[in-house]
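**Q** Below: one structure in structure tokens.
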Amino acid sequence: MKELKMGRQSPNKHEISPGTRRAIISWIMQAALGMVGYSLVLVLVVGRWDWLWGWILIGALTAFMAAHPLILMPINPKLLAEREKGIGGKGTKVWDKWVASLAAGVFPIASWVVAGLDTRFHWSQTMHLACHLIGLVIMILGFVLFLWAMASNAFFSEGVRIQEERGHSVATRGPYRWLRHPGYVGAILSQLATPFLLGSVWAFLPTAASAALFILRTYLEDKTLMKELPGYQEYAKKTRYRLLPGVW
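Under the numbering used here, the first residue of the sequence shown carries the number 8, and numbering increases by one thereafter.
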């Protein structure tokens, strides 16, 4: 889950090179295999097939991933190809490979595992239905904000890097009018919603770690952009807040 602050690009919507097409197909295949893998993880840890909230999580994640090509293919297919590179792309900051892997990979999956084991062995008390539903609503809001940020930023890459080859500029549209890192706000919201959706108090431990790392990533990325992205310092003077209006 990564967002570099860049602005308008004018990709040709109607021309997709063979390399871009291959990258898009690869992204779709990886996403599909990922959802199968996530489903198997949840089934194995909970020990049964009928975990309602686990399947609702899978459904929400599937819709979220399916929205990527639906949104990007009409407006910027090259961005989907860029995101296929993941955090291992050329030029990605070394520190980001570690931070992103933990924040968007290890700890979210750990929260699902913990929640599944909690459900299986009844470590914590059953949550009220309202808690599950609130978690689902917050998760969807987080996904929507993330997707809005992605649609508004032509350089919303997976890894923190300056994309000079793509003519990188500062994003000022959509949620970037109010926050410098709206995609991370969406990611944090969806992470913190997971324990409520899955009904596990213990799942707050890995989700809190994930949220803390996204905050650290915001700080480090912001410093990178201040130093390396032309126009970002001026943008930061106008858009003062990184994640939370009035606070930071």
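We put the beta carbon where it would ideally sit given N, CA and C, even for glycine.
For a test of the three-state rule: what should DSSP assign to Q198, helix, strand or coil?
**A** helix
**Q** Please give the ranges of any alpha helix (DSSP H) in the stretch 18-105, keeping only runs that are unbroken, at least 4 residues long and fully inside the region.
**A** Note on the stretch 18-105: whole alpha helix (DSSP H) runs with a minimum of 4 residues are 25-53, 59-82, 84-90, in chain order.
**Q** Among G142, V177, G61, T201, which has the Cα closest to the Cα of V50?
**A** G61
**Q** Taking C-beta to C-beta, are L79 and L86 nearer than 8 Å?
**A** Yes; because the gap between Cβ atoms is below 8 Å, this pair is in contact.
**Q** Three-state secondary structure (DSSP) at V120?
**A** helix
**Q** Pick helix, strand or coil for I141, following the three-state DSSP scheme.
**A** Annotated three-state conformation of I141 is helix, per DSSP.
**Q** When you compare only the Cα positions, how much space is there between T126 and E171?
**A** 47 Å
**Q** Under 8 Å by Cβ, that's how I've got L199 and T214 pegged, so tell me the actual separation to the nearest angstrom.
**A** Sure, about 6 Å apart at Cβ, within 8 Å.
**Q** Can you confirm whether the stretch 30-43 touches the stretch 83-101 when touching is taken to mean that 3 or more C-beta pairs between the two stretches lie within less than 8 Å?
**A** Touching, per the Cβ criterion.
**Q** Does the pairing of the stretch 173-188 with the stretch 122-141 give three or more beta-carbon distances under 8 Å?
**A** no
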